[in-house]
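>
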Amino acid sequence: MAFGGKIALLSGMNSDISFSAGALYTRDLQVRGFAMSGATADDLADAASTLNKFLGRGNLRVRIGKIFDLADARTAHEAQEAGSLRGKIVVKI
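Counting with my numbering, you get residues -16 to 76 for the letters of the sequence shown.
#1: Verify whether the separation of the beta carbon atoms of residue 48 and residue 16 is less than 8 Å.
#2: CB residue -14 to CB residue 26, shorter than 8 Å?
#3: Select from -5, 76, 73 the residue whose C-alpha is nearest the C-alpha of residue 19.
#4: Where do the N-terminal and C-terminal ends of the alpha helix (DSSP H) with residue 15 fall, by residue?
#5: Does the distance from the C-beta atom of residue 53 to that of residue 62 stay below 8 Å?
#6: Measuring straight from C-alpha to C-alpha, what distance separates residue 6 and residue -9?
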């Protein structure tokens, strides 16, 4: 990460995350948490716009855990509840 960079932390309430604190202060990095529940509609629109720009430029990659057909939506939901996949769960419509 570039000197002075920012890390946006989006995580579940029960997630345990570890990282090297040394890298934060030697590279002047910032970590910020973000909770969807506290965001206004304008905040969400701004965040979506920024994320779409990053995705369009290839600056971000979405980690996909598994892709399910719509007929398997129940299995997708069960996987979500179990927390057994790393990455996003995609249901094709």
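Glycine included, every Cβ here is placed at the ideal spot set by N, Cα and C.
Reading it off the structure:
#1: Locating residue 48 in the sequence shown gives position 65, counting from the first residue. Locating residue 16 in the sequence shown gives position 33, counting from the first residue. It is not a contact, given that the beta carbons lie outside the stated cut-off.
#2: Taking the first residue of the sequence shown as position 1, residue -14 is located at position 3. Taking the first residue of the sequence shown as position 1, residue 26 is located at position 43. No, these two residues do not count as a Cβ contact at 8 Å.
#3: Here residue 19 refers to the residue found at position 36 of the sequence shown. When only C-alpha atoms are compared, the closest one is -5.
#4: By one-based count along the sequence shown, residue 15 stands at place 32. From DSSP, residue 15 is part of no alpha helix (DSSP H) but of the beta strand (DSSP E) over 13 to 16.
#5: The residue you call residue 53 lines up with position 70 of the sequence shown. The residue you call residue 62 lines up with position 79 of the sequence shown. No; because the gap between Cβ atoms is not below 8 Å, this pair is not in contact.
#6: Translated into positions along the sequence shown, residue 6 becomes position 23. Translated into positions along the sequence shown, residue -9 becomes position 8. Each residue's Cα considered, the two are about 15 Å apart.
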